[in-house]
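A quick write-up on the structure given underneath.
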Amino acid sequence: MELPIANCIGGKVMKFDYMNALHMNKNNLDLFAEKCGISGEGLRDGCKWKIHATKLKNEETFQINLYQDEHTCPQVFNVRNVKTSWLSERYLQDFKSDPKRDVKGWRVDIMNQLRCHISRDQAYRAKRQALKKLEGSPEQQFTKLWDYAEELRRTNPGSTIILGVNDVNRGLAYKNALWKAARASTVGEFKLRMEEMKQLNQDAFDWFNDKPPTEWSIPCKHACSAIFNQNLQPEDMVHPYYNVDTYKQVYEHAILPISGQTLWNETGLVPPCLQTLEEALGDLQEQETGSLMSQMLKQQRNHVKTIKLQRQKVKHHCKICGEEGHNAKGCALWKDMQARP
Numbered sequence: 001m002e003l004p005i006a007n008c009i010g011g012k013v014m015k016f017d018y019m020n021a022l023h024m025n026k027n028n029l030d031l032f033a034e035k036c037g038i039s040g041e042g043l044r045d046g047c048k049w050k051i052h053a054t055k056l057k058n059e060e061t062f063q064i065n066l067y068q069d070e071h072t073c074p075q076v077f078n079v080r081n082v083k084t085s086w087l088s089e090r091y092l093q094d095f096k097s098d099p100k101r102d103v104k105g106w107r108v109d110i111m112n113q114l115r116c117h118i119s120r121d122q123a124y125r126a127k128r129q130a131l132k133k134l135e136g137s138p139e140q141q142f143t144k145l146w147d148y149a150e151e152l153r154r155t156n157p158g159s160t161i162i163l164g165v166n167d168v169n170r171g172l173a174y175k176n177a178l179w180k181a182a183r184a185s186t187v188g189e190f191k192l193r194m195e196e197m198k199q200l201n202q203d204a205f206d207w208f209n210d211k212p213p214t215e216w217s218i219p220c221k222h223a224c225s226a227i228f229n230q231n232l233q234p235e236d237m238v239h240p241y242y243n244v245d246t247y248k249q250v251y252e253h254a255i256l257p258i259s260g261q262t263l264w265n266e267t268g269l270v271p272p273c274l275q276t277l278e279e280a281l282g283d284l285q286e287q288e289t290g291s292l293m294s295q296m297l298k299q300q301r302n303h304v305k306t307i308k309l310q311r312q313k314v315k316h317h318c319k320i321c322g323e324e325g326h327n328a329k330g331c332a333l334w335k336d337m338q339a340r341p
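Counting in UniProt numbering, the sequence shown runs from 1 upward without gaps.
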């Protein structure tokens, strides 16, 4: 029996790993030999299953010289050859078709299929490795941004491509400032939140400050009830940006498909700087610390008169002699008593 190398090592022979723990003998590019590593009570010489194969000369094929296909050992479920790296490679296409697949259900399916135990942590690690192989690391993705923009220009002539890397912490700070102002329930709080936005970005403050707050968001159910009470229509209170006609106008121009990454032209430009999540959160914390609200609270705390309570002095009495000012350890009478024979 002859098998291609890929099938012999990665497929048809490896399927026996699912049921039994195999013990590798001498394996190299020209020789492949394995036997079952199960031994126990009643198995004097161990399990009889084994396979030997040699590579044919000048061919990418293994020839099986010896094959004992009957297992005389009990079935085991803790298989050492089923590793995380093998699982991620074996089920790579499954996660490619469904990246959001639930790990809990997937773990049950592969345990039934392979007939071996897969730990919960091993299943999660296998999925993470598979997704990393499919999506690549953030550093690798950033190196492709300029090439991606060039491919868009090539496949969509006449389009304007603007590539900008948003500062993660800055964008999150803008978002938080906007929603804090939108959720303000009093005029004073709204003005305070708008001042915080002004400190972050003057242009953003001017753009929002020029528009009535009532036009910021789609009316909620309570606002709709109030609008109906005034014999008005909620649709009249919504900005035209939310209309279906505006949506169709924005997306009436289709973006033509692009080629795969292997066919992109390399621009050779320096990739944008990637900011880690720790750095972004650290900068964001510094910004929030220096916000207007924090400054006002700090000023209020500074104006509050602090009263320091002094510790009351307690007079100690010696339990040996009963006098004040010292304890038993420093008592002269006790030392004198200890010195006596």
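Where a beta carbon is used, it is the ideal one built from N, C-alpha and C, also for glycine. Treat the numbers as computed from the prediction; the structure is a model and nothing was measured.
query	result
Would N176 pass as an interface residue toward chain D - the criterion being a Cβ-Cβ separation below 8 Å?	Absence of chain D from the displayed structure is noted, only one protein chain being present.
Leaving aside the five residues before and after H117 along the sequence, list all residues of the same chain whose C-beta is less than 8 Å from its C-beta, in chain order.	F77, N78, V79, M111
For a minimum of 3 consecutive residues, which ranges assigned as the beta strand (DSSP E) are wholly contained in the stretch 158–216?	none
For the beta strand (DSSP E) containing Q63, list its first residue and its last residue.	61–68
Per DSSP, what kind of secondary structure is T54 in: helix, strand or coil?	strand
Determine whether the beta carbon atoms of K50 and E34 lie at a separation below 8 Å.	yes
For T186 and N176, I'd like the C-alpha separation in whole angstroms.	18 Å
With C-beta atoms as the reference, is R125 less than 8 Å away from T84?	yes
Helix or strand or just coil, what does DSSP make of A33?	strand
Please go through the same chain and pick out, in chain order, the residues whose beta-carbon is closer than 6 Å to the beta-carbon of A184, but skip the five residues on each side of it.	F190, R193
With DSSP collapsed to three states, give me the class of A332.	helix
Quick one: is K305 buried, meaning 16 or more other Cβ sit within 10 Å of its Cβ, or exposed?	In this predicted model, K305 has a pLDDT of only 47, less than 50, meaning its place in the structure is not dependable; the value taken from the coordinates is given anyway. Exposed is the call here.
Measure the CB-CB distance between K55 and D30 and report whether it falls below 8 Å.	yes
Among G268, V103, E196, which residue has its Cα nearest to the Cα of L131?	V103
Between which residues of its own chain and S217 is the CB-CB distance below 7 Å, once the five residues before and five after are set aside?	A182
Whole angstroms are fine: how far does the CA of F142 sit from the CA of E235?	42 Å
Anyone know if the C-beta pair for I227 and P219 falls short of 8 Å?	yes
Measure the C-alpha to C-alpha separation of V108 and R120 and round it to an integer number of angstroms.	10 Å
May I ask you to report which of helix, strand or coil DSSP gives E324?	strand
Using the Cα positions of A149 and W264, report the straight-line distance between them to the nearest angstrom.	10 Å
Does the beta-carbon of C321 have 16 or more other beta-carbons within 10 angstroms, so that it is buried, or is it exposed?	exposed
Between K57, E151, K180, D147, which lies nearest to G268 when the distance is taken from Cα to Cα?	D147
Starting from C224, trace the alpha helix (DSSP H) both ways and give me its first and last residue.	221–229
Look at the alpha carbon of R90 and the alpha carbon of Q129, and state the distance between them as a whole number of angstroms.	11 Å
With distances taken from CA atoms, which of A123, K127, C224, T72 is nearest S97?	K127
Closer than 6 Å by C-beta to L66: which residues in its own chain qualify, once you throw out the five before and the five after it? Chain order, please.	H52
Given this structure, state the Cα-to-Cα distance separating E195 from K221, to the nearest angstrom.	29 Å
Please report the distance separating the alpha-carbon of E139 from that of G260.	19 Å
Nearest to F32 by alpha carbon, out of F62, A332, E151?	F62
Beta carbon of P271, beta carbon of L134: below 8 Å?	no
Comparing C-alpha positions only, which one of Q68, C36, I64, W86 sits nearest to P74?	C36
Should A123 be labelled buried (16 or more other beta-carbon atoms within 10 Å of its own) or exposed?	buried
How far does the alpha helix (DSSP H) with Y124 in it reach, from first residue to last?	120–135
Near N209, what residues of its chain come up, given a Cβ to Cβ distance below 7 Å and the 5 sequence neighbours on each side ignored?	M194
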